[in-house]
Each structure stands twice: as C-alpha cells, then as structure tokens.
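Numbering (my numbering), first residue to last: -19 to 298.
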Ligand SMILES: Nc1ncnc2c1ncn2[C@@H]1O[C@H](COP(=O)(O)OP(=O)(O)O)[C@@H](O)[C@H]1O
Ligand SMILES: [Mg+2]
C-alpha cells in the first residue's frame, strides 16, 4: 500500500509549487503559504468568502500528491457520528456490533487514507463535533468504540474554511481551536485575475467575446462595493453571467456586444440583454444588508446604470 509521507524532507515542495501553479490563475502567494503549512505537517483554516479559489487550490495540491480530498459541509446536522462514522443499524441487529459493520465517516476515511479532510463552513459545525475533531487533530488518532483505535496516516490534514461574511460568525469558535491551527485569509481575486478566470471557465466570453467578459467582471466586482449589500457575488457570478448572456444572445439574435471602442446605446440589444442576464446570474448571489429596504433587482439596476448609462466610457475595456 502506498503511504505518502508528507514531510518537508520527503516532498519536493518547489516542484509541487511549480506544477500546481500551472493549474491556477494567479494565487502564487496563497499557494506558497498553504503548501508551506501543509508540508510542515500543520492543519489550516482558510478564511475567505465563497468563490475565492479555496477548493481549486486544495484540489490541485491533492491531485499533485495523489492523495484523497474528502469534502464535508459544516452545519448544525454534522454530528460527531456523521464525521467519524457509525455502525450499520440493520447489520447490528443481525450481527451485534462488529468492526466490519462500521461505516467510516469522512474523518476516519481521511485519517486512514492519508487524505485531506476539507471541512467547509467549519464555524457552523456543533461544538461536540468540533471537539471530536480537535482531539483527532491533537492525537493524530481516534478511539472508536467497538472498532478500536484508528491511527492517521502521516499525510492526513484538516483544512477548514469559513466565510467572514457568515452571520453565524467566525468568532464563536473557541481559542483552543484557533490555537491548534494555522490560518490564512483569502480575499477576492484582483480584477486582472478575475478576467483570466472568467476567460478560462467561460471560453473567452464565447460569441460575445472580450467586451462581455470585461462587463461581467466589472458589474460583479461592483456588487462587492455596493452600499446596500452585505455580501456581493464571487467570480462564479461573472462566469455564469457570461455563459447566460451568450445563450440569451442566441435566443434574441444578438450577434455582437459591439467592439470595445463603440459607445453603447443603453437601449441597444446588448445592454438590455446584459441587464436580464445579470438578474439571472447575480440576484441570488448578492445579500442585502438587513437594514436596507431594497431588492436585489433594484441594486442590480443601479449597478447596470453605472456601467452602461452614467459611465459609458468605463464600459470600454483596456
Ligand atoms: N485561481 C484560480 N484559477 C482558476 N480558476 C479559479 C481560481 N479561483 C477560482 N477559480 C474558479 O472559480 C470558481 C470558484 O472557485 P472555488 O475554488 O470553487 O472557490 P471556493 O472553494 O473558494 O468557493 C470555480 O469555477 C473555479 O474554477
Ligand atoms: Mg469551495
């Protein structure tokens, strides 16, 4: 059996960094820091909003090292039994409790296979689940009643993520948890990287091309600055906006977004199409401030007007 031994002395961290970087747009800095923590044998919390490339980074590292990546979502239903595993109740009735009728949960699977356990929305898990996790982290082993002691493979790591905009809050976790993990804050990509990511995931803007990509990234980024919003959309919204706008352009027979130097008529086909596509791609991804009396559609209308009417010069990319 292959037992990947991930210690600073056995992995070529420089080669890993160089190869993983070829799968990513930007994020060189974050990649270096995460790799260093993992190679040092540490567990880490990644703190950042959704869509900032956390999964993409981790998946690329896990694939590079050929180790499993197990996903779990932290929520109130994530009991210790769900994380660790449970005895199959039907078989227990027939056979009584036996090690071989135990169904391993993701924590056990990650420990046994030497994988990364990726626990998203870490802060939403109940306290008893987090405590179970903490002792597994501290001991690198876990005692399971009627099964025995499971010892983690050396490459087992916990990577937790949390969203700083989460209203459940990231401060409820006790200091004993924070004291056991490294932490990296991951913010939204810069505009240049977002343009690159959208190009990569949405075929360079499809038939509407670069102007659409520039507009999609600009309006998506504007949702993060809008005063009525608690949380704006990630680059996922920009990717969807480009994909949706392209399909809509087929339905409506709109063949071009206009070349980058043309001044747009806001009543033209392309700007109108953009507003409709923005509603579909972005309205569910923006979160109004509790104190604000508005609607996602109204906020998007303001952002659209800013881009396509009030400030048309900015609509020209480059
Ligand atoms: N640095 C990056 N390079 C390439 N694609 C990226 C990058 N960051 C994000 N993406 C793309 O953006 C989307 C969201 O990224 P993801 O890794 O799932 O974010 P998170 O896990 O932080 O929610 C995915 O479609 C992913 O492919
Ligand atoms: Mg993710």
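Even glycine gets a Cβ: it sits at the ideal position worked out from N, Cα and C.
This structure is a prediction, so every number in the text was calculated from the model and none was measured.
Check, Outcome
"Buried versus exposed call for residue 9 [16 or more other C-beta atoms within 10 Å across all chains shown]", "exposed"
"Pair within 8 angstroms by beta-carbon distance, residue 86 and residue 52", "yes"
"Simplified DSSP assignment, three categories, for residue 211", "strand"
"Between the CA atoms of residue 245 and residue 97 - distance to the nearest angstrom", "51 angstroms"
"Sequence-distant residues of its chain with Cβ nearer than 6 angstroms to residue 163 (five each side left out)", "25"
"The stretch 40 to 54 in contact with the stretch 89 to 106 per 3-pair CB rule at 8 angstroms", "yes"
"Beta-bridge partners of residue 129, as assigned by DSSP", "123"
"Cβ contact check for the stretch 14 to 34 and the stretch 74 to 82: 3 or more pairs under 8 angstroms", "no"
"Environment of residue 174 [buried if 16+ CB atoms lie within 10 Å]", "buried"
"Helix, strand or coil at residue 65 according to DSSP, with G and I counted as helix", "strand"
"Any non-hydrogen atom of ligand 2 closer than 7 angstroms to residue 62 Cβ", "no"
"Alpha helix (DSSP H) runs wholly inside the stretch -16 to 47, at least 4 long, in chain order", "-7 to 1, 8 to 19 and 34 to 45"
"Candidates 199, 126, 248 and 228, of which the one nearest residue 216 by Cα", "199"
"Check: residue 100 C-beta below 7 angstroms from any heavy atom of ligand 2", "yes"
"Nearest to residue 184 (by Cα), restricted to the options 168, 213, 212 and 223", "223"
"Simplified DSSP assignment, three categories, for residue 98", "strand"
"Through-space distance from residue 124 to residue 259, alpha-carbon basis", "50 angstroms"
"Inter-residue Cα distance where the pair is residue 88 and residue -8", "27 angstroms"
"Any non-hydrogen atom of ligand 1 closer than 7 angstroms to residue 233 Cβ", "no"
"DSSP-derived helix/strand/coil call for residue 206", "coil"
"C-beta atoms of residue 169 and residue 6 nearer than 8 angstroms", "yes"
"Spatial distance of residue 118 from residue 252 (CA atoms)", "57 angstroms"
"C-alpha gap between residue 193 and residue 219, whole angstroms", "8 angstroms"
"Residue 230 to residue 210 span [Cα, whole Å]", "34 angstroms"
"Best match in 4, -5 and 268 for proximity to residue 177 [C-alpha to C-alpha]", "4"
"Residue 74: CB within 7 angstroms of a non-hydrogen atom of ligand 1", "no"
"Which of helix, strand or coil DSSP assigns to residue 136", "coil"
"Contact test: residue 215 Cβ vs ligand 1 heavy atom, cutoff 7 angstroms", "yes"
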